[in-house]
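What follows is a short report on a single structure.
Protein chains in written order, with the numbering used here: chain A, 938 to 1122; chain B, 938 to 1122; chain C, 938 to 1122; chain D, 938 to 1122.
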């Protein structure tokens, strides 16, 4: 057991797309959960983040890795509403479940985004089989790095302390670099 | 212990580039070894394989992952000799150690290529920290899949039985598909 | 003079972005006009069409080539309204003038789209220095072909009969092929 | 007639690939000639230049545009000999005629390269229908710019003075920028 790990807070969601019943993180224990936070009009999400989430969804077995899109709108709320998102999801043929982050009364930043302290979109959050947050990354990560993180979690589950601390990556310029297409809060 | 695993045979090499002393697999125990077999005039190697090997070399810490290029010439031997390879490695600014596979008397296929039963170039061989072959793949693999395999090995070392058997990947059309640019024996 | 050429009908537009005064085709005589029809939630537009229009805008001198974006919404009108488009244009940092095609009462297809008989989005319409339509293409064209057409018009103006008939292009599989990301009426 | 234009000097060539009889520029009057100078081990040629030459070859009608590869070796002559080039051309499935630039006794730079005063590889030389040099560019040009130049020549032939002087391109950062992968003399 490792005191440093943080249990991923439950998603607070007003609606789901591509999904009849809501997904609860507490019911996904045993799987790696890939939470991809995006905004439908954020270029970095459309060009990099969403294709990467789609690749994860296609590459991994749904029994082991659950991809969840989280539409966390923190600007231009009126034009990125549920109806617009539904069209977007349909036009881009996204297949994985997508949660609509719950608006916060009187604030731009929605509830789940605030709880996870996301810095903007796209953000990638990896949650291990015990429900702990193992990565919380804003901006662009290359595919090899993402595959590395997920592969690591799939092999070890809760037996490693910290995916970042033990991480063998040197973190070159392409890894986690700030992508100018990302949208910062 | 798993009887099914095969110990990676030692490389049989006539020369090294980017390296003073030869690398022996037996001296790399404790590291994951990424063996990238290529031919300098194989388009699939130049366009996909070598950039991927370079990315692995840049992404991972050399203490944990050792990339080795293996120049396994099985056709047009005269024009892919050591002098030509040296120019190629210099022009493409490759930084990782590159072994020149030992020619087999009277045969086109060089010794190490034969030992590993490679089907052509590019081929990617992953060797775990105990020296066992865990993946032997001909053709193109996407970066996420390669990152997944390496991350898996880094976390578990010899504690998993078979990277392929336990593999959570569904293996979609992009994964391990035959790349027309690959050169088959 | 060539009887076969069609004078480009004037744009019917409810509003302009990136532009104070409306642009009239009749006032653009002497320039090549590149009309790029798109929908902000059409993946083929976002991924191929808009970057190509941006490249044309950056590459050519504004005195000779005028790029105009035409937002021709023929589906999901409610979520691709002016407010949404404004956010889109701002987020994607589009610099060229963008016209909002005028809705047709009781029909999905807007007025200018109907007049030009566009088949969907993205569509590229080239108008010569005399105001004649010289190309009306639905789907993806590669950059070399587009540069070829524009260069041809810049050199000859109205002295050639038909850009397509005289066109030296063989039209291989990449040229004008139907792009699955295109949105057809 | 324009005194400023330079007649393209005849190619001095030791051998041709993909071609039985030699091509003489003097016999290509009436066509636009695209001369693509490269070295088979120059990364900028392999990654950008040769795919672009291939696209030109595929896009235009051979009656109007003649692509000629010019293998102008100015370094590492021993390993970029005719045998090596033949393998390269075959492996990369190049279809257009390729001339081997004639070596200069006692100098690294071959004869045709010297005559054309090329600065390195890849270089793109455009020759109009009257045999005049209209563009002589070292490094990377984007496809749209190349299409623009060729389209311009196809329309006007010898009726324009100078493709560069009349050129409507603003020449942004991507156009003609020095490509670090280019090989300079």
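In this text, a Cβ means the ideal position worked out from N, Cα and C, and glycines have one as well.
- Interface criterion met: the Cβ of residue 1082/A is under 8 Å from a Cβ in chain B.
- Within the region 956–1042 of chain D, the complete beta strand (DSSP E) segments at least 3 residues long are 969–975, 1002–1008 and 1035–1038, listed from N- to C-terminus.
- Within chain D, not a single residue places a beta-carbon under 8 Å from that of residue 1001/B; the smallest gap is close to 29 Å.
- Taking a Cβ-Cβ threshold of 7 Å, the residues of chain A close to residue 1013/C are 1024, in chain order.
- Shown here, residue 1067/A sits in coil according to DSSP, grouped into three states, outside any helix or strand.
- Judged by DSSP in its simplified three-state form, residue 1085/C adopts helix.
- The criterion of a C-beta distance shorter than 8 Å is satisfied by residue 965/B and residue 1003/B.
- According to the DSSP assignment, residue 1052/A belongs to the alpha helix (DSSP H) that extends over 1048–1052.
- By the Cβ test, the region 1006–1026 of chain C is in contact with the region 942–957 of chain C, since at least three Cβ pairs between them sit closer than 8 Å.
- Contact of residue 979/D with chain B by beta-carbon distance below 9 Å involves 1028.
- Taking C-beta separations shorter than 6 Å and ignoring five residues to either side along the sequence, the partners of residue 1009/B in its chain run 974, 1038, 1047 and 1050, following chain order.
- One thing to note: residue 950/C has its Cβ no nearer than 8 Å to the Cβ of residue 962/C.
- The Cβ-Cβ distance between residue 1032/B and residue 996/A does not fall below 8 Å.
- In this structure, residue 1088/D lies away from residue 1077/C, with their beta-carbon atoms at least 8 Å apart.
- The C-beta separation of residue 1080/D from residue 989/D comes to about 6 Å, placing the pair in contact by the 8 Å criterion.
- In chain order, 1011 and 1012 place their CB closer than 7 Å to the CB of residue 1045/C, counting only its own chain and leaving out the 5 sequence neighbours on each side.
- Around the CB of residue 1043/A, fewer than 16 other CB atoms lie within 10 Å, so the residue is classed as exposed.
- Contact of residue 1088/D with chain C is assigned, a C-beta pair being separated by under 8 Å.
- Nearest to residue 1084/C by C-alpha distance, out of 993/D, 985/D, 1058/D and 1041/D, is 993/D.
- Taken through DSSP and simplified to helix, strand or coil, residue 1090/C comes out as helix.
- Taking 8 Å as the cut-off, the Cβ atoms of residue 1007/B and residue 972/B count as close.
- Residue 1059/D is positioned such that its CB atom lies no closer than 8 Å to that of residue 1029/B.
- For residue 1031/C, no chain D residue has a C-beta closer than 8 Å to its own C-beta; the minimum C-beta separation is roughly 16 Å.
- Residues of chain A with a Cβ closer than 7 Å to the Cβ of residue 983/C are, in chain order, 983.
- Taking all protein chains shown into account, residue 1027/D has fewer than 16 neighbouring C-beta atoms within 10 Å of its C-beta and is therefore exposed.
- Interface annotation, residue 974/C: not in contact with chain A, CB-CB separation never under 8 Å.
- Residues of chain C whose Cβ lies closer than 7 Å to the Cβ of residue 1021/A are, in chain order, 1016 and 1021.
- The contact set of residue 1079/A on chain B, defined by CB atoms closer than 7 Å, consists of 1080 in chain order.
- Nearest in C-alpha terms to residue 977/C, of all of 1092/C, 1074/C and 1014/C, is 1014/C.
- Judged by DSSP in its simplified three-state form, residue 1045/C adopts coil rather than helix or strand.
- Legend: CB atoms of the region 1046–1071 of chain D lying less than 7 Å from CB atoms of chain C are not found in any residue.
- A Cβ of chain B is located within less than 8 Å of the beta carbon of residue 992/A.
- Excluding sequence positions up to five before and after residue 967/A, its CB lies within less than 8 Å of the CB of 1066, all in the same chain and listed in chain order.
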